[in-house]
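According to UniProt numbering, the stretch in the sequence shown is residues 1 to 79, in order. C-beta atoms are modelled at their ideal positions from N, C-alpha and C, and glycine is treated no differently. Inspection log for the structure reproduced underneath, given as structure tokens.
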Amino acid sequence: MDEIARYLADLDRVLLKSPRHLKRFMRSRSMKPPSSDELVELTFHKAITASRSLPLEYRRKSKAWLIERGYEPLDDGAL
Numbered sequence: 001m002d003e004i005a006r007y008l009a010d011l012d013r014v015l016l017k018s019p020r021h022l023k024r025f026m027r028s029r030s031m032k033p034p035s036s037d038e039l040v041e042l043t044f045h046k047a048i049t050a051s052r053s054l055p056l057e058y059r060r061k062s063k064a065w066l067i068e069r070g071y072e073p074l075d076d077g078a079l
């Protein structure tokens with residue numbers, strides 16, 4: 001598995017868990033996580049909608065979460 005595929009697989013595993021796990025994931029890769037828990041949760045749901053390798057229904061739930069709060073999802077139109 002190449003480095004990008006491994007990264008994406010790791011990210012998908014994190015996105016199936018929780019925003020808290022995303023924050024840890026980002027720090028473990030020397031990325032600065034968003035400045036507040038609310039922004040971490042928003043980033044979490046946007047990332048879920050963008051990941052075509054996650055289950056479709058899971059992605060739809062995140063899309064609904066975003067729309068209910070007035071945010072745009074990052075889906076490819078399949079949701």
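Rounded to whole angstroms, GLU38 and LYS46 show a C-alpha spacing of 12 Å. With respect to the C-alpha of GLU72, the residue from SER53, GLU57, THR49 and LEU54 having the closest C-alpha is THR49.
A direct Cα-Cα distance of roughly 7 Å separates LEU22 from PHE44. Using a 10 angstroms sphere on the CB of LYS63, the tally of other CB atoms reaches 16 or more, which defines it as buried.
A residue is called buried once 16 or more other Cβ atoms fall within 10 Å of its Cβ, and SER51 is buried on that count. The straight-line gap separating the alpha-carbon atoms of ARG20 and ARG60 is approximately 20 Å. Rounded to whole angstroms, MET26 and ARG69 show a C-alpha spacing of 24 Å.
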